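Peer 1: One structure is given below, represented as structure tokens, and several questions about it will come after.
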Amino acid sequence: TLDSEEVNLHSFHDHLVNSASIIALVGAGLSAASGLSTFQGIGGLWRSYDPTTLATPEAFASNPELVWQFYSHRRHCATLAQPNLAHHALAEASRRKPGLLTLSQKIDDLSERAGHPQEQILHLHGSLFQSRCVDSQNCGYSRSGMAESSQMQRTRDISGPYTSPDPPFQTLPTCPNCTRLLRPGVVWFGEPLPREVLAGIRNWFDSCAKVDLMLVIGTSAQVYPAAGYINVARLKGARICVVNTNRDHESNEGLHEDDWFFQGDAAVILPTLLQ
Ligand code: BJW
Ligand code: ZN
Numbered sequence: 015t016l017d018s019e020e021v022n023l024h025s026f027h028d029h030l031v032n033s034a035s036i037i038a039l040v041g042a043g044l045s046a047a048s049g050l051s052t053f054q055g056i057g058g059l060w061r062s063y064d065p066t067t068l069a070t071p072e073a074f075a076s077n078p079e080l081v082w083q084f085y086s087h088r089r090h091c092a093t094l095a096q097p098n099l100a101h102h103a104l105a106e107a108s109r110r111k112p113g114l115l116t117l118s119q120k121i122d123d124l125s126e127r128a129g130h131p132q133e134q135i136l137h138l139h140g141s142l143f144q145s146r147c148v149d150s151q152n153c154g155y156s157r158s159g160m161a162e163s164s165q166m167q168r169t170r171d172i173s174g175p176y177t178s179p180d181p182p183f184q185t186l187p188t189c190p191n192c193t194r195l196l197r198p199g200v201v202w203f204g205e206p207l208p209r210e211v212l213a214g215i216r217n218w219f220d221s222c223a224k225v226d227l228m229l230v231i232g233t234s235a236q237v238y239p240a241a242g243y244i245n246v247a248r249l250k251g252a253r254i255c256v257v258n259t260n261r262d263h264e265s266n267e268g269l270h271e272d273d274w275f276f277q278g279d280a281a282v283i284l285p286t287l288l289q
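Going from the sequence shown to full-length UniProt numbering is simple: count from 1 and add 14.
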């Protein structure tokens, strides 16, 4: 006899094979099995800062060194990490299903390194590997690459423990266009998401008469506007499938009777779920 989890899996597979328009909202939990800390879990790992107090324009304005060190550290961790089976499963499913769009709240590049098709993923909160001028209005300079890490590495070994004093202000990266400070190319609380990303999401929703399925993987789904897309998909007819280690999220997303909840590590669940 089949247990309820197997029935669940069967009904999900039935729906997946018949789904063409699929949207996935992924969060830090997707990269957890790669050893990268989730957003809410970072606090205990990087000095004793609460990440929600560092991921703000106010934190950067009052202590840019500290905020650069935080992102420099995370950039370093992401560079050393390898994509896990969850990234690979989602990348492979995306190659099979051209109508599957992933909205990533993660700022690492592990999905790309797992071969996720570039045109099928949008990064809502930016990238650890982008830097941009603080003056987005008048200047707008941005660049990708590791320059900032190596610039900071000259004064501090970011792979080691953070025991030495903060690097002097002059070592912070500045804009080659207007000489103001460069900042990490991520989206902080209170800031708008990149215009082209919002447009991409709107176009995708507009392009499908009906959304068949929404996957919500490894995210606490508490940060907006990202979390709001769950409801947008539902209003377009989508059934929701949540994958999370934490059962609390079953209720968080307000799941309906014909939705799915799979509890556990995304790296364990996704390979079976998406095969
Ligand atoms: C596993 C696992 C495993 C672990 N397997 N699972 C509407 C209502 C209320 C508030 C707002 C609203 N609209 C806007 C706001 C304000 C604010 C907001 O949402 N606040 C909430 C806290 C209430 N939003 C904003 O400010 C946004 N901007 C905006 O709305 O601008 C409007 C505007 C318009 C015009 C002009 C000006 C403004 C911007 C939000 C930006 C969020 N940025 C961050 C930082 C990015 C850089 C960085 O990473 O440092 O993005 S915050 C942080 O949260 C980060 C993440 O991407 C995001 C989501 O976190 P995520 O990924 O869900 O991680 P966790 O740690 O929370 O959860 C991990 C989950 O995985 C957990 O559930 C675990 O159980 C699970 N898990 N291991 C499976 N192995
Ligand atoms: Zn500039």
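Glycine included, every Cβ here is placed at the ideal spot set by N, Cα and C. Bear in mind that the values here come from a model prediction, so they are computed numbers and not experimental data.
Can you tell me which of 28, 53, 36 puts its alpha carbon nearest to the alpha carbon of residue 235?
Peer 2: Nearest of 28, 53, 36 to residue 235, Cα basis: 53.
Peer 1: Report yes if the C-beta of residue 194 is less than 6 Å from at least one heavy atom of the ligand ZN; otherwise report no.
Peer 2: Yes, since a heavy atom of the ligand ZN falls inside the 6 Å radius drawn around the Cβ of residue 194.
Peer 1: Please give me, in chain order, every unbroken run of the alpha helix (DSSP H) with length at least 4 that falls completely inside the region 54-123.
Peer 2: List check, alpha helix (DSSP H) in window: 65-68, 71-76, 78-94, 99-110.
Peer 1: Between residue 243 and the ligand ZN, is the CB less than 6 Å from at least one heavy atom?
Peer 2: No.
Peer 1: Is residue 286 helix, strand or coil by DSSP?
Peer 2: If DSSP states are grouped into helix, strand and coil, residue 286 belongs with the helices.
Peer 1: Return helix, strand or coil for residue 278, following the three-state DSSP convention.
Peer 2: Residue state, collapsed to three classes: coil.
Peer 1: Going by C-alpha distance, which of 40, 70, 51 is nearest residue 201?
Peer 2: The shortest C-alpha separation from residue 201 is found at 70.
Peer 1: Taking the straight line between their C-alpha atoms, what separation do you get for residue 159 and residue 24?
Peer 2: Straight-line Cα distance between these residues: approximately 43 Å.
Peer 1: Can residue 238 be considered in contact with the ligand BJW, in the sense that its beta carbon sits closer than 6 Å to one or more heavy atoms?
Peer 2: For the ligand BJW, at least one heavy atom lies less than 6 Å from the Cβ of residue 238.
Peer 1: At which residues does the alpha helix (DSSP H) containing residue 247 begin and terminate?
Peer 2: Run containing residue 247: 242-249, per the alpha helix (DSSP H) assignment.
Peer 1: Where does residue 31 sit, in a helix, a strand or coil, going by DSSP?
Peer 2: It is helical.
Peer 1: Answer with buried or exposed for residue 76, where buried requires no fewer than 16 other C-beta atoms within 10 angstroms of its C-beta.
Peer 2: It is exposed - the Cβ of residue 76 has fewer than 16 other Cβ atoms within 10 Å.
Peer 1: Per DSSP, which one or two residues make a beta bridge with residue 197?
Peer 2: Looking at the DSSP assignment, residue 197 forms a beta bridge with 146.
Peer 1: Give the straight-line distance between the Cα atoms of residue 249 and residue 224, rounded to the nearest whole angstrom.
Peer 2: Their Cα atoms are separated by approximately 9 Å.
Peer 1: Report the CB separation of residue 145 from residue 196 in whole angstroms; it is logged as a contact under 8 Å.
Peer 2: Residue 145 to residue 196, Cβ: 5 Å. Contact.
Peer 1: Inspect the beta-carbon positions of residue 281 and residue 232 and report whether they are closer than 7 Å.
Peer 2: In this structure, residue 232 does not lie closer than 7 Å to residue 281 by Cβ.
Peer 1: Identify every residue that forms a DSSP beta bridge with residue 253.
Peer 2: Its beta-bridge partners are 227.
Peer 1: Evaluate residue 68 with the Cβ neighbour count: other Cβ atoms within 10 Å of its Cβ, from every protein chain shown; 16 or more gives buried, anything less gives exposed.
Peer 2: Buried, because 16 or more other Cβ atoms sit within 10 Å of the Cβ of residue 68.
Peer 1: Given a threshold of 16 other Cβ atoms within 10 Å of its Cβ, counted over all protein chains shown, does residue 62 qualify as buried or as exposed?
Peer 2: Classification of residue 62: exposed, given that the 10 Å Cβ count is below 16.
Peer 1: Classify residue 261 as helix, strand or coil using the three-state DSSP reduction.
Peer 2: In this structure, residue 261 counts as coil in the three-state DSSP scheme.
Peer 1: On a CA-only basis, which of 230, 21, 191 is nearest residue 263? Give me that one, please.
Peer 2: Closest by alpha carbon: 230.
Peer 1: Is residue 235 helix, strand or coil by DSSP?
Peer 2: Residue state, collapsed to three classes: coil.
Peer 1: According to DSSP, is residue 129 helix, strand or coil?
Peer 2: Residue state, collapsed to three classes: coil.
Peer 1: Pull up the distance between the alpha-carbon of residue 38 and that of residue 193, whole angstroms please.
Peer 2: Whole-angstrom Cα-Cα distance: 39 Å.
Peer 1: Alpha carbon to alpha carbon, how far is residue 33 from residue 152?
Peer 2: Roughly 44 Å separates the two Cα atoms.
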